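Under the numbering used here, the residue at position 736 of the sequence shown is numbered 756, and the numbers go up by one with no gaps.
Ideal placement from N, C-alpha and C gives every residue a C-beta, glycine not left out.
All values derive from a computational prediction rather than experimental measurement.
Everything on this sheet refers to the single structure shown next.
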Amino acid sequence: MSANKTTKKTAIAAPAEPSPSSSYESRYSPAETEPRWQKRWAEQPDLYGAEPATSGKPKYYVLEMLPYPSGQLHMGHVRNYAIGDALARYMWMTGHNVLHPMGWDAFGLPAENAALKNNTPPRQWTLQNIAAMKRQMDRLGLSYDWRNEVTTCLPEYYRWNQWFFIRMFERGLAYRKKSKVNWCPECCTVLANEQVINGYCWRHEDTLVEQRDLEQWFLRITNYAQELLDDLSKLDGWPEKVRTMQRNWIGRSEGAEVTFQIEDAATAAEEEQPSRQAGTTLLPARDDIKESGKTVTVFTTRIDTIFGATSIQLAPEHPLVKDFAAANPALAGEVSALIDQQKKAREGGDIGAIEKHGVFTGHYAINPFNGERLPIWVANYILLDYGTGAIMSVPAHDERDFDFAKKYGLELRIVILPRRTADPANSGEEEAMLPYTAEDSLLMNSGDFNTLGNQEAQHRMTAFAEEHGFGKATVSYRLKDWGISRQRYWGTPIPMLYCEKDGIVPVPDDQLPVLLPENVEITMEGGSPLGRLPQFVNATCPKCGGPARRETDTMDTFVDSSWYFYRYTSARDNKEPFDTSTVAYWFPIDQYIGGVEHAILHLIYSRFWTKVMRDLGLVKNDEPVARLFTQGMVIKNGAKMSKSKGNVVSPDDMIARYGADATRAYSLFAAPPDRDLDWQEDGVAGVSRFLGRVYRLVTKHADRVRLYLGPGGYTSTDPLSPLGLALLRKLHQTIHKITVDFDGRWHFNTCIAAIMELVNALTAAVPAIAAGEVPDAIFAGILRDLVLPLTLLRCQFPVLAAMVHLGASRADFGAANDSQHLPLRNAVSGHNRDLR
Ligand SMILES: [Zn+2]
Ligand SMILES: [Zn+2]
21 MSANKTTKKT
31 AIAAPAEPSP
41 SSSYESRYSP
51 AETEPRWQKR
61 WAEQPDLYGA
71 EPATSGKPKY
81 YVLEMLPYPS
91 GQLHMGHVRN
101 YAIGDALARY
111 MWMTGHNVLH
121 PMGWDAFGLP
131 AENAALKNNT
141 PPRQWTLQNI
151 AAMKRQMDRL
161 GLSYDWRNEV
171 TTCLPEYYRW
181 NQWFFIRMFE
191 RGLAYRKKSK
201 VNWCPECCTV
211 LANEQVINGY
221 CWRHEDTLVE
231 QRDLEQWFLR
241 ITNYAQELLD
251 DLSKLDGWPE
261 KVRTMQRNWI
271 GRSEGAEVTF
281 QIEDAATAAE
291 EEQPSRQAGT
301 TLLPARDDIK
311 ESGKTVTVFT
321 TRIDTIFGAT
331 SIQLAPEHPL
341 VKDFAAANPA
351 LAGEVSALID
361 QQKKAREGGD
371 IGAIEKHGVF
381 TGHYAINPFN
391 GERLPIWVAN
401 YILLDYGTGA
411 IMSVPAHDER
421 DFDFAKKYGL
431 ELRIVILPRR
441 TADPANSGEE
451 EAMLPYTAED
461 SLLMNSGDFN
471 TLGNQEAQHR
481 MTAFAEEHGF
491 GKATVSYRLK
501 DWGISRQRYW
511 GTPIPMLYCE
521 KDGIVPVPDD
531 QLPVLLPENV
541 EITMEGGSPL
551 GRLPQFVNAT
561 CPKCGGPARR
571 ETDTMDTFVD
581 SSWYFYRYTS
591 ARDNKEPFDT
601 STVAYWFPID
611 QYIGGVEHAI
621 LHLIYSRFWT
631 KVMRDLGLVK
641 NDEPVARLFT
651 QGMVIKNGAK
661 MSKSKGNVVS
671 PDDMIARYGA
681 DATRAYSLFA
691 APPDRDLDWQ
701 EDGVAGVSRF
711 LGRVYRLVTK
721 HADRVRLYLG
731 PGGYTSTDPL
741 SPLGLALLRK
751 LHQTIHKITV
761 DFDGRWHFNT
771 CIAAIMELVN
781 ALTAAVPAIA
791 AGEVPDAIFA
801 GILRDLVLPL
811 TLLRCQFPVL
821 AAMVHLGASR
831 ADFGAANDSQ
841 HLPLRNAVSG
851 HNRDLR
């Protein structure tokens, strides 16, 4: 059937504006078009603004992790932001009220290093970098609501860090203690456990972290350890690998604490007593053993093996060891060697691989289950900060204990065996199985507990210990309290005062913020730079009015990022950290997008912070983030882009050569978003050529189809030609594929591929269309619905340019075209199912 030239034109829109020049550009030029649109958008600060809670639309909070303002975006950022941007656009186009903000994680050490190098104050350096990166983001055409920009180094933000800190102090969640801390000699500051990666600084991959003793401020994250663990099960919108990493980091282990009496040293010296026979039934401490009154408590996850204990092992810094060593100079010397070995191994990052050494103290402890005397050793592989700093050594059933016992000739005693060989008559083959550590086993040589399964034995033996007052069930966590003191300048001052009379006194709320002074000399030695400023240090005690000394440490910058996303909902509020009801509307974050490297730092601290804020009555949500997406890395020539590898591709170069649209679309197109993306410049060039083809296709036919684009879209009652029907079907198949890929799976790459196919089909049909085989009205509708999904993928510049040529920018797409809230209309949400 040939097209009917007299087709009724039922949906003609009169262009609301005079149509622009009819002399079309033959070639799409991003260098001309993109800045023109950017200028127009810059004049509208509300362009990407969220609407109030009363908008009646479903809310959608999409967030990309905020960058550190290094001064230069890299391709990893571009990829992260391109994903968030496409998602924000999709949500706008499908009728959501979208919050899509951006900010700056602006405190931190690089600003101080730059200050040393270039003699630029950290504040100035940081603010310059922010301005430069914001220009880059604008040039990329990213759709942020800048009205709620957050810059963490400004007093309007960090005063609330201080306010939160004081609230935590009041509740015992912030406290000060002297402890062993991780010290990076390169950063000249303390690091949290989470910032030590295999013994090295998280910022300085080649710098071994040292151990130092320092007074520090801690946040009691361990109070929330169980809840942080339990609530992981609610986060089914998070990648399983991140949940697993957090679970392991929290490291819950169930077990028991058992207290052993220590034998009086005088008695022990009198006679060398033979060890008791294995399998002795339960006995109180033997009459011939005198207890010293001292005790040692061990933590064990395997109380079922306690009859197999043949020694007690203490951490070199255990208080008992100090006691023993005080009376024994030879022991003192050996212990200090063990301390050194442990320190070196910790600094080397793999304490688990330490070459095990130990020394017998000459003292004995008494196993409360059977009255046996167990020699007390000091061993370099026992850590004071794990469990109780003391273990019972069961060499037959523990790898480490086995190695140690072999080395020092300590007794091995089998007390559990696999179910099939549990009959003691089978003994003989067991030696070869040692150390035997399986959970599913039966007890032997264990007095009244013989023949119990090990699970039941754990319950019964723990209950027995509780009943007799020498033990109890306990839970321990690998997670430690969060050390937040930093001996650096460029961070939030910790708002505390030290008064001789009143001790530690918080700065009153009405004196916040404690301002970070300007013009501070930055040096990398001698403690916090703030400590050298008398005008900062000397203060007045708010309690007694006497002199007080101000805390000179600053906060870990992970404090800043622990709650910044709440501040986005009312960033200019100067009465409170945020408006509680606005937060209640927007939270939890519907989709958070960032790198997996934050799995146990930022993402565990911010979960903790949310729970604290909930307990303060500020938020109602238990968790900050409903869905988390961790995008893959951008690599080139097989390696992650980095300056040291010399394989960095600058976004500015790509934009200059191919335009922002092509750069961004390529980063969506080249790989599924969760996979690593191997950057190929040919690929960017290819996307750029494709966008040029779309542009030419639309503009070439602008004159013919302009009249058919109206608010009602195309309608016709006339029968379609086979070609017209085929093209329409292809269009709707494409829209359907995009909807499915976009909504459920984020397969942006296959979306773009589908649009490319559609453009190929249209291009091939052009001669037939020109010959009148497809009515202009239909062709116009297809072109419009082709460009809509392209704007969804943020290829907005050529599309907008093309639409200006179509004269459709106001009439068809209305103000929505400029406001970026394009309704998808029959595209995407309501596409014609019959034509799929
Ligand atoms: Zn460092
Ligand atoms: Zn005072």
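Could you name the residues of the same chain whose beta carbon sits closer than 6 Å to that of C519, not counting the 5 residues immediately before and after it, in chain order? Position 499 of the sequence shown, counted from the first residue, corresponds to residue 519. Hits under 6 Å: V525, C561 and A568.
Helix, strand or coil for G733 per DSSP? As a working mapping, residue 733 is identified with position 713 in the sequence shown. Confidence in G733 is poor, its pLDDT being 48 and thus under 50, which makes the residue's placement too unreliable to answer from.
At the level of alpha carbons, what is the spacing between N218 and P515? As a working note, residue 218 is residue 198 in the sequence shown. As a working note, residue 515 is residue 495 in the sequence shown. Using only the alpha carbons, I get a separation of about 33 Å.
Would you say T719 touches ligand 1, meaning its beta carbon is less than 7 Å from a heavy atom? Walking along the sequence shown from the start, residue 719 turns up at place 699. Relative to ligand 1, T719 has its C-beta separated by 7 Å or more from all heavy atoms.
Sufficient close CB pairs (3 or more, under 8 Å) joining the segment 470-481 to the segment 538-553: Under the Cβ criterion (8 Å, minimum of three pairs), the segment 470-481 does not count as touching the segment 538-553.
First and last residue of the beta strand (DSSP E) that includes D233? Working through the sequence shown from its first residue, we reach residue 233 at position 213. Counting along the chain, D233 sits inside the beta strand (DSSP E) bounded by residues E230 to L239.
How many angstroms separate the CA atom of F422 from the CA atom of N400? Start at 1 with the first residue of the sequence shown, and residue 422 comes out as number 402. Start at 1 with the first residue of the sequence shown, and residue 400 comes out as number 380. Cα-Cα distance, rounded: 15 Å.
Can you list, in chain order, the residues of its chain with a C-beta nearer than 8 Å to that of P175? Leave out the 5 residues immediately preceding and following it. Start at 1 with the first residue of the sequence shown, and residue 175 comes out as number 155. Excluding residues within five positions, the ones whose Cβ falls inside 8 Å are P533, L535 and L536.
Do V316 and ligand 3 come close, with the Cβ less than 7 Å from some heavy atom? Ligands in the displayed structure: ligand 1 and ligand 2; ligand 3 is not one of them.
Tell me whether C221, by its Cβ, gets closer than 7 Å to a heavy atom of ligand 2. Taking the sequence shown and counting its residues from 1, the one referred to as residue 221 is at position 201. False, no ligand heavy atom lies under 7 Å from that Cβ.
Determine the contact status of G257 and T321, defining contact as a CB-CB distance below 8 Å. For the purposes of this step, residue 257 is identified with residue 237 of the sequence shown, where counting begins at 1. For the purposes of this step, residue 321 is identified with residue 301 of the sequence shown, where counting begins at 1. With a cutoff of 8 Å on beta-carbon distance, G257 and T321 are scored as not near each other.
Alpha helix (DSSP H) segments (min. 4 residues) lying fully within the segment 348-377: Counting only runs of 4 or more, we get 349-368.
With contact counted as at least three CB pairs below 8 Å, one residue from each stretch, are the segment 75-83 and the segment 96-113 in contact? Three or more pairs of CB atoms, one per stretch, sit closer than 8 Å, so the segment 75-83 contacts the segment 96-113.
Beta carbon nearer than 7 Å to a non-hydrogen atom of ligand 2: Ordered along the chain, the selected set is C519, K521, D522, V525, C561, K563, C564, G566 and A568.
Over the uninterrupted beta strand (DSSP E) stretch that includes Y80, give me the two end residues. Counting from one through the sequence shown, the residue named residue 80 turns up at place 60. Y80 -> beta strand (DSSP E) spans K79 to E84.
In the DSSP output, which residue or residues are listed as bridge partners for D698? Along the sequence shown, read from residue 1 onward, the residue named residue 698 stands at position 678. Beta-bridge pairing links D698 to I655.
Taking the continuous alpha helix (DSSP H) assigned at Y428, which residues delimit it? Taking the sequence shown and counting its residues from 1, one reaches residue 428 at position 408. Per DSSP, Y428 is one residue of the alpha helix (DSSP H) stretching across E419 to Y428.
Would DSSP call P89 helix, strand or coil? If you number the sequence shown from 1, residue 89 lands on position 69. Correct three-state label for P89: coil.
Taking the beta strand (DSSP E) that Q611 falls in, what are its first and last residues? Counting from one through the sequence shown, the residue named residue 611 turns up at place 591. Residue range Q611 to G614 is occupied by the beta strand (DSSP E) that includes Q611.
Helix, strand or coil at A773 according to DSSP, with G and I counted as helix: Here residue 773 refers to the residue found at position 753 of the sequence shown. In this structure, A773 counts as helix in the three-state DSSP scheme.
With a Cβ-Cβ cutoff of 8 Å, do H94 and M661 count as a contact? As a position in the sequence shown, residue 94 is number 74, starting the count at 1. As a position in the sequence shown, residue 661 is number 641, starting the count at 1. Closer than 8 Å, so yes.
Counting beta carbon pairs with one atom in the segment 428-439 and one in the segment 451-460, are three or more of them shorter than 8 Å? With the cut-off at 8 Å, the segment 451-460 and the segment 428-439 touch.
Judging by CA-CA distance, which residue of G91, A285 and N470 is the nearest neighbour of I326? On the sequence shown, position 306 is the one that residue 326 refers to. A check of alpha carbon separations from I326 across G91, A285 and N470 identifies N470 as the nearest.
Tell me, to the nearest whole angstrom, how far the beta carbon of R506 is from that of V210; I am working on the premise that it is less than 8 Å. For the purposes of this step, residue 506 is taken as residue 486 along the sequence shown, with counting starting at 1. For the purposes of this step, residue 210 is taken as residue 190 along the sequence shown, with counting starting at 1. Separation of the CB atoms of R506 and V210 is rounded to 6 Å, and the pair is thereby assigned contact status at 8 Å.
A857, DSSP secondary structure in three states: In the structure as shown, the chain starts at 21 and stops at 856, and residue 857 therefore has no counterpart that could be examined.
Given a cut-off of 8 Å, decide if D165 and P130 are closer than it, judged by their beta-carbon atoms. Position 110 of the sequence shown, counted from the start, is the residue given in the question as residue 130. Position 145 of the sequence shown, counted from the start, is the residue given in the question as residue 165. Result no, Cβ atoms of P130 and D165 do not sit closer than 8 Å.
Counting Cβ pairs, one atom from each stretch, are 3 or more of them under 8 Å apart for the segment 193-211 and the segment 588-598? Cβ pair count under 8 Å is below three, so no.
Along the chain, where does the beta strand (DSSP E) that runs through G275 open and close? The residue you call residue 275 lines up with position 255 of the sequence shown. The continuous beta strand (DSSP E) containing G275 extends over residues S273 to E283.
Of all Cβ atoms in chain B, is any one closer than 8 Å to the Cβ of D580? Protein chain content of the structure displayed is limited to a single chain, and chain B is not contained in it.
Which of the three DSSP states, helix, strand or coil, is assigned to E291? In the sequence shown, residue 291 corresponds to position 271, counting from 1. Interpretation of E291 is limited by its pLDDT of 48, a score under 50 that renders its predicted location unreliable; no figure is taken from the coordinates.
Is the Cβ-Cβ distance between E169 and W510 less than 8 Å? As a position in the sequence shown, residue 169 is number 149, starting the count at 1. As a position in the sequence shown, residue 510 is number 490, starting the count at 1. In this structure, E169 lies away from W510, with their beta-carbon atoms at least 8 Å apart.
Apart from the five residues on each side of it in sequence, which residues of its chain come closer than 6 Å, Cβ to Cβ, to I789? For the purposes of this step, residue 789 is taken as the residue at position 769 of the sequence shown. Hits under 6 Å: F799.
Going along the chain, which residues of its own chain have a beta-carbon closer than 6 Å to the beta-carbon of F649, five neighbours each way excluded? As a first step, residue 649 must be located in the sequence shown, where it is residue number 629. If we look at F649 and ignore the five residues flanking it on each side, its Cβ neighbours are I613.
Inter-residue CB distance, V7 and L358 (contact presumed, cutoff 8 Å): It is not possible to answer for residue 7, since the shown part of the chain is limited to 21 through 856.
Helix, strand or coil for A410 per DSSP? As a first step, residue 410 is located in the sequence shown; it is residue number 390 there, counting from the start. Of the three classes helix, strand and coil, the one that applies to A410 here is strand, per DSSP.
Check for me: the alpha helix (DSSP H) holding I755 runs from which residue to which? Counted from its first residue, the sequence shown places residue 755 at position 735. First-last of the alpha helix (DSSP H) with I755: P742 to V760.
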